[in-house]
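Following: one structure in structure tokens, then a few remarks.
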Amino acid sequence: MDFAITPQMQKTLYDIQRFMEQEVYPLEPEVATNGFRATLPKIQAARKQVKDLGFWCPQIPKEHGGMGLNLMEHGMVSSVLGHSLLGHFVFNCQAPDAGNMEILLEHGTPEQKKSFLQPLLRGEIRSCFAMTEPEHAGSNPTWLSTTAVKDGSDYVINGHKWFTSSADGATFAVTMAVTSPDAPPHQRASQILVPLNTPGFKRVKNLSVMGHVGEDHASHSEVRFENCRVPQSNLLGQEGAGFAIAQERLGAGRIHHCMRWVGICERAFDLMCKRAAEREVAPGKPLGTKQIVQSWIAESRAEINASRLMVLEAAWKIQNFGQLAAREEISCIKFYVAGVLLNVLDRAMQTHGGMGLTTETPLAAFYAAERGARIYDGPDEVHKMVVARQRLKKYGVQVST
Ligand SMILES: Cc1cc2nc3c(=O)[nH]c(=O)nc-3n(C[C@H](O)[C@H](O)[C@H](O)COP(=O)(O)OP(=O)(O)OC[C@H]3O[C@@H](n4cnc5c(N)ncnc54)[C@H](O)[C@@H]3O)c2cc1C
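Numbering (the numbering used here), first residue to last: 100 to 500.
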């Protein structure tokens, strides 16, 4: 395994870090006070600067207007962007758009690329991914009630979804709907592109997540499809391939998320060390002189280092041998790094005392936004089961789902 980076990549990471400190961190207090939407003009101005600097869409091939980074390189950029909740959005590689860009690039027809992908790549529109339903366990993605029934040259979609992240203000949804109810479970659903101004699409509300209703890109909606009619030409890939495409999307997506979490950990770690050095519990006695705080610092450092290497190893394996070969590594990083993230954030908040729970630092916002890390893209328990099942099979033990 070779994790060495080129001098050019080193410079890119340095330049992106400086941009984050100078242009992105200063936007955080404004978002915390006035909200995402009110700060959007300034965020858009920062996006324009990123485009001009040539750092736009890091993971997208150059011929489509991106930086053309491979998965490991993008992972390293992702960890720097993760230092702020705004980082990925400012560089136009935010979830769920990044995943939608990747599947449209891979499976979109020329017409779908023109209408949906290109404006997404240019950052003119946003998108969302509507799979999870309130009525069924989202951890079993083959169990869906939303249907898309052919009628003339259209699909008529009916269903109820929630946790459709960033639907508020999005232009279209990649929607998972059952098109072949009698097929084997993994071949029942398809992915269909639904413009959100289609009659019958209804955004019911933004869910309040950890006490935050959110807005615009920073939100999670409940939505309904009521006789929502779209042309059959909006089918993405083959009919029945919805689950396979979703799996494809999640492999690289987990590298993006996990490296973003490593980035959050680094920022939290830096804040924790600064506070430990500056806050005196008695005259001349900074917090960092207490053994328990030293222990938090040492444990956090070791866990972050381990996380970074584990994610890079998984990215390296995907890059060299494909996603299937890296199945165990992908599941390991998903639950391990999510746990490290919450541990490090909790220690950093504890080091700050009451201040750690306020908007005076980004820590509380990180925690509220990222408690979901142990749940979305597969809960911890499912990923642990995947790892154990693979391992135990070699010992003759069959683990059922
Ligand atoms: C912040 C956030 C953003 C999200 N964004 C999106 C999005 O953009 N689009 C989208 O479609 N969905 C999204 N989701 C939904 C997410 O994918 C689901 O929440 C997730 O798949 C879990 O499904 P569920 O909530 O229905 O929990 P359930 O499936 O009901 O599971 C509940 C709990 O049961 C346990 N569990 C489940 N299965 C097993 C098992 N096999 N073995 C042992 N324990 C188990 C786990 O602890 C799990 O947390 C988002 C969720 C969050 C929190």
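Think of the CB as a built atom: it goes at the ideal place given N, C-alpha and C, for glycine as much as any other residue.
Q) If we call anything under 9 Å between Cβ atoms a contact, is Lys147 one with Glu129? A) no
Q.
Would you say the beta carbon of Ala471 is closer than 8 Å to some non-hydrogen atom of ligand 1?
A. It should be noted that the sequence gives Gly, not Ala, for residue 471. Within the cutoff, so yes.
Q. Just to confirm, does Tyr475 get its C-beta within under 8 Å of one of the non-hydrogen atoms of ligand 1?
A. Tyr475 has its CB nearer than 8 Å to a heavy atom of ligand 1.
Q) Out of Ile159, Lys373 and Ser214, which has the shortest C-alpha to C-alpha gap to Ser332? A) Ser214
Q: Under 8 Å by Cβ, that's how I've got Val123 and Leu185 pegged, so tell me the actual separation to the nearest angstrom.
A: 5 Å
Q: May I have a chain-ordered list of the alpha helix (DSSP H) segments no shorter than 4 residues that lie completely inside the segment 360–446?
A: 390–420
(Q) Could you tell me the alpha carbon to alpha carbon distance between Arg225 and Thr270, rounded to whole angstroms? (A) Rounded to the nearest angstrom, the gap between the Cα atoms of Arg225 and Thr270 is 6 Å.
Q) Going along the chain, which unbroken runs of the alpha helix (DSSP H) with 4 or more residues stay wholly within the segment 119–172? A) 127–133 and 135–152
Q. Is any beta-carbon of chain D found at less than 9 Å from that of Glu480?
A. Structure shown: chain D not included; a single protein chain is present.
Q: Please confirm if the segment 287–298 is in contact with the segment 352–364, defined as three or more CB-CB distances below 8 Å between the two stretches.
A: no
Q.
Pull the bridge partners of Ile291 from the DSSP assignment, please.
A. Thr274 and Leu334
Q | Heavy atom of ligand 1 within 8 Å of Ser268 beta-carbon | A | It is Gly, not Ser, that sits at residue 268 in the sequence shown. In this structure, ligand 1 has no non-hydrogen atom nearer than 8 Å to the beta-carbon of Gly268.
Q. CB of Pro478 to nearest heavy atom of ligand 1: below 8 Å?
A. yes
Q: Name the residue from Gln109, Val498, Phe102 and Thr138 whose alpha carbon lies nearest to the alpha carbon of Asp315.
A: Thr138
Q. Can you tell which of Ser307, Pro284 and Ala424 has the C-alpha that lies nearest to the C-alpha of Ser264?
A. The closest CA to that of Ser264, considering only Ser307, Pro284 and Ala424, is found on Ser307.
Q) Over what stretch of residues does the beta strand (DSSP E) that includes Val496 continue unbroken? A) Run containing Val496: none; DSSP gives neither H nor E here.
**Q.** With 16 other Cβ atoms within 10 Å as the buried cut-off, status of Asp281
**A.** Counting the other Cβ atoms within 10 Å of the Cβ of Asp281 gives fewer than 16, which makes it exposed.
Q. In this structure, what does DSSP give as the bridge partners for Ile256?
A. Ala247 and Cys327, per the DSSP bridge assignment.
Q: Please report how far the alpha carbon of Glu412 lies from the alpha carbon of Arg353, in whole angstroms.
A: Computed Cα separation, rounded: 13 Å.
**Q.** Where the alpha helix (DSSP H) through Phe465 begins and ends
**A.** Leu462 to Glu469
Q) Between Ile256 and Arg348, what straight-line distance do the alpha-carbon atoms span, to the nearest angstrom? A) 22 Å
Q) Are there 16 or more other CB atoms within 10 angstroms of the CB of Tyr494, so buried, or fewer, so exposed? A) It is exposed - the Cβ of Tyr494 has fewer than 16 other Cβ atoms within 10 Å.
Q.
Would Met448 and Leu440 qualify as a contact pair, given that the criterion is a beta-carbon distance under 9 Å?
A. no
Q.
Is Gly164 a contact residue of ligand 2, with contact defined as CB to any heavy atom under 8 Å?
A. As far as ligands go, the structure on display features ligand 1 and does not contain ligand 2.
Q. Which residue from Arg446, Ala351 and Asp114 puts its Cα closest to that of Gly421?
A. Ala351
Q | Near ligand 1: Thr278 beta-carbon under 8 Å from a heavy atom | A | no
Q: Entirely within the segment 193–218 and at least 4 residues each: give me those alpha helix (DSSP H) ranges in chain order.
A: With a minimum length of 4 residues, the continuous alpha helix (DSSP H) runs that stay inside the segment 193–218 are 196–206.
Q. Phe190 by DSSP, collapsed to three states: which one?
A. coil
Q) According to the Cβ coordinates, are Val149 and Val189 closer than 9 Å? A) Yes, the pair counts as a contact, with Cβ atoms nearer than the cut-off.
Q.
Would Cys227 and Val277 be called neighbours here (beta carbons separated by less than 9 Å)?
A. no
Q: Could you tell me which of Cys192, Ala247, Leu370 and Gln143 sits nearest to Leu335, measuring between CA atoms?
A: Ala247
Q) So, are the CB atoms of His355 and Cys192 less than 9 Å apart? A) yes
Q. When you compare each of Asn199, Asn239 and Arg221 to Met484 by their alpha carbons, which one comes out closest?
A. Asn239
Q: Below 8 Å on the Cβ atoms is my guess for Ser430 versus Glu338; work out the distance and round it to an integer in Å.
A: Not a contact, Cβ separation roughly 29 Å.
Q: For Ala282, name the three-state secondary structure that DSSP assigns.
A: coil
Q: Consult DSSP for Arg225 and reduce its assignment to one of helix, strand or coil.
A: coil
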